[in-house]
Amino acid sequence: MYFQLPDKLNLYYEVLPCTDKPDAPHIIWLNGLTQSTLSWKLITPFFEKTHHQILLDFIFQGQSDAAPEFRTFEQHAQDVLALLDYLNVPQVHVAGISYGGAVTLRCMHLFPERIKTATLISAFAYKTNYFNAIGELWKKALLSGGYELLVEAILPIGLGASYFENPLIPIEVLKNNRLNQMLKPENVLALMKATEMSENYLPVIEGNPTKTLIIHGEEDFLCPVQFGKDMHNVLPNSRLEIIPKAGHTLNLEAVSQLAQLIHSIISQ
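To convert, note that position 169 of the sequence shown is 168 in numbering that gives the first Met the number 0; the numbers rise steadily by one, no gaps.
Shown next as structure tokens:
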């Protein structure tokens with residue numbers, strides 16, 4: 000389904016209703032950089048009997064439109080708010096991974112009264128030189144070899160070392176799945192620019208009272224455990240959980256553990 004944003008761009012979204020409980024609460028899933036609504040298909044079955052679920056592709060992602068200019072994390076958050084208003088959802092549990100986690104932080108700050116709980120999965124509130132170096136590597140891969148080379152560059156960093164030893168889905172299948180969702184290089188570059196232009200958000204969210212679950216993989220080299228610890232230290236109503244033998248892409252690498260942890264905060 001499509002919703003037209005105030006700037007006339009079409010935002011793609013899906014609603015998975017909880018048929019067992021018409022008055023069930025809502026949870027919204029926010030994608031990582033090169034993900035789409037399809038990236039949550041292993042997770043959503045764990046919530047189908049307890050929550051109405053909303054999935055969306057950010058502008059520049061999946062089936063949503065591309066904008067003339069890049070969108071900041073704050074602008075993505077405003078798009079989320081516009082969709083919630085359109086769907087008449089007064090409050091929502093929000094869960095975002097990586098890029099989507101950065102947008103979740105902005106939702107917590109910009110409209111906290113609409114957020115029941117926040118789950119930050121492999122998220123970042125600031126960037127390190129190492130993080131920036133990985134971003135530059137990915138950009139060069141995209142510019143020199145297109146989306147195909149970007150996929151090759153993302154997988155060894157986006158997945159934990161343990162996943163390569165015992166993959167839930169074979170690596171070649173993952174590559175082919177990503178390539179079947181071929182993204183336009185210019186759209187990925189626009190998404191990357193939002194990360195490049197973002198500044199340290201820790202001072203902004205310090206003291207935010209939102210009930211927050213912070214989840215990181217033990218083997219996440221892009222957004223290491225220290226990122227989670229630093230967010231936990233400034234969010235007074237937060238809990239930090241580390242998933243062993245998992246990397247950055249927790250909605251693929253640690254599906255059952257991730258679902259169980261999220262249930263533990265949104266079901267209280």
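Just so it is clear, CB atoms sit at the ideal spot from N, CA and C, and this is done for glycine as well.
Check	Outcome
Report the partner residues of Q270 according to the DSSP bridge assignment.	Here the chain comprises residues numbered 0 to 267, so residue 270 is not present and cannot be evaluated.
What's the C-alpha gap between Q34 and Q60?	7 Å
Expressed to the nearest angstrom, what Euclidean distance is found between the alpha-carbon atoms of Y85 and F2?	8 Å
Cutting at 6 Å between CB atoms, please list the residues of its own chain near L212, excluding the five before and the five after it.	T118, R238, I264
Under a Cβ-count criterion, where at least 16 other Cβ atoms within 10 Å of its own Cβ denotes burial, should L182 be classed as buried or exposed?	buried
Between which two residues does the beta strand (DSSP E) carrying H231 extend?	H231 -> not in any beta strand (DSSP E); alpha helix (DSSP H) instead, spanning 224-233.
Does the region 76-96 come into contact with the region 18-31, if we say contact requires no fewer than three beta-carbon pairs (one atom in each stretch) closer than 8 Å?	yes
Looking at D78: is its Cβ nearer than 7 Å to the Cβ of L10?	yes
State the Cα-Cα distance for the pair P67 and P5, rounded to the nearest angstrom.	14 Å
For A94, report the span of its alpha helix (DSSP H) as first-last.	Not the alpha helix (DSSP H): A94 falls in the beta strand (DSSP E), residues 91-96.
What's the gap between the Cα of M191 and the Cα of G99?	12 Å
How big is the Cα-Cα spacing for A132 and E195?	11 Å
What are the start and end residues of the alpha helix (DSSP H) that includes A117?	Taken as a continuous stretch (DSSP letters only), A117 belongs to no alpha helix (DSSP H), being part of the beta strand (DSSP E) at 114-120.
Does L270 come out as helix, strand or coil in the three-state DSSP assignment?	This structure cannot settle anything about residue 270, because the visible part of the chain is limited to 0 through 267.
Identify the residues that DSSP records as bridge partners of S237: which are they?	T211
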